[in-house]
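Student:
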Amino acid sequence: MTENEMTFEEAYRRLEAIVETLEKGESTLEEALNAFEEGMKLAQFCAEKLSQAEARLKKLIKTENGTFHLEPLE
């Protein structure tokens with residue numbers, strides 16, 4: 205599965221699995237480096253997805269005349 209097809213949740217679960225594997229310390233150097241590289245890519249992917257989600261968040265504001273409008277969440 206490529207990053208373009210991966211959801212945030214899938215990427216996050218894979219990242220957690222990589223961290224767990226690396227914390228065990230049982231990987232060869234090459235395996236650890238490959239896992240670290242994949243983990244960094246997944247972390248960046250997750251950060252981008254969170255940034256996109258944050259940009260979509262809005263807050264509902266009630267105006268003085270009683271109507272409502274949406275503003276970006278600060």
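Heads up, the sequence shown is in the numbering used here, so the first residue is 205 and it goes up one at a time. We treat Cβ as the ideally placed atom computed from N, Cα and C, and that holds for glycine.
1. Tell me, please, which residues DSSP counts as bridged to residue 275.
2. Based on Cα-Cα distance, which residue from 230, 260, 222, 257 lies nearest to residue 245?
3. Taking 8 Å as the cut-off, does the segment 245 to 257 touch the segment 212 to 219 (at least 3 CB pairs, one atom from each stretch)?
4. List the whole-angstrom C-beta distance separating residue 264 from residue 277, where the pair is believed to meet the contact cut-off of C-beta under 8 Å.
5. Given this structure, state the Cα-to-Cα distance separating residue 225 from residue 257, to the nearest angstrom.
Tutor: This is what the structure holds:
1. Partner(s): 263.
2. Comparing Cα positions, the closest option is 222.
3. In short, these stretches touch, since the Cβ pair count reaches three.
4. Not a contact, Cβ separation roughly 10 Å.
5. Here the alpha carbons of residue 257 and residue 225 stand approximately 29 Å from one another.
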